[in-house]
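S.K.: Residue numbers (my numbering): 448 to 563.
Let me begin by handing over the structure; questions about it come next.
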Amino acid sequence: MNNLRLNRLVRTESSEIYLIWRNNERVGQVDIHYAAGTIYATLLLEGDFAPEQEETLVAMIDEDIVSSYMPRFEREDFVVHVFRAEEIGRYTDPSMDLDDIEGFDFEDEDEEEEED
Numbered sequence: 448m449n450n451l452r453l454n455r456l457v458r459t460e461s462s463e464i465y466l467i468w469r470n471n472e473r474v475g476q477v478d479i480h481y482a483a484g485t486i487y488a489t490l491l492l493e494g495d496f497a498p499e500q501e502e503t504l505v506a507m508i509d510e511d512i513v514s515s516y517m518p519r520f521e522r523e524d525f526v527v528h529v530f531r532a533e534e535i536g537r538y539t540d541p542s543m544d545l546d547d548i549e550g551f552d553f554e555d556e557d558e559e560e561e562e563d
């Protein structure tokens, strides 16, 4: 498991998202949410991991990420839900097209320039 690495994608005041890599292949993602004394994580694995490998990965996440935020002796619990996942798509807001601005008509402006 020493060939796994975690790269932070997003961090907020109360959560983090990390991508999990094995060599140059993405093999998962973990979303971590800090709520008072309990820390919740959703671990999405993009392949088959033996139960021992899952446990080792959870321990790695705890040691490398979670414990630096809140050590074991200070927290009430660290709850991890593990899922096998497959990315089937990615959606994002498209770049704003100026034609989409409500109330603004570029055709009218072009006509005004032609009249001048």
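Built from N, CA and C at the ideal position, the CB exists for glycine as well.
In the DSSP output, what is Glu463 paired with across the bridge?
M.R.: In DSSP, Glu463 forms a bridge with Arg458, Ile479.
S.K.: Report the CB separation of Glu564 from Val529 in whole angstroms; it is logged as a contact under 8 Å.
M.R.: No answer is possible for residue 564: the residues shown for the chain start at 448 and end at 563.
S.K.: Quick one: Cα of Asn450 to Cα of Arg522, how far?
M.R.: So the alpha carbons of these two residues sit roughly 29 Å apart.
S.K.: Go through the region 484-528 residue by residue and report every complete run of the alpha helix (DSSP H) that reaches 4 residues or more, in order.
M.R.: Entirely contained in the region 484-528, the alpha helix (DSSP H) runs reaching 4 residues are, in chain order, 498-508.
S.K.: Nearest to Ile464 by CA position, among Asn471, Ile479, Ile486, is which residue?
M.R.: With distances taken between Cα atoms, Ile464 lies closest to Ile479.
S.K.: With a threshold of 16 other CB atoms inside 10 Å of the CB of Val513, please say whether the residue is buried or exposed.
M.R.: When all chains shown are included, Val513 counts as buried.
S.K.: Using the rule of at least 16 other Cβ atoms within 10 Å of the residue's Cβ for burial, across every protein chain shown, is Ile467 buried or exposed?
M.R.: Per the 10 Å Cβ criterion, buried.
S.K.: What do you reckon, are the CB atoms on Ala532 and Leu491 nearer than 8 Å?
M.R.: Contact: yes.
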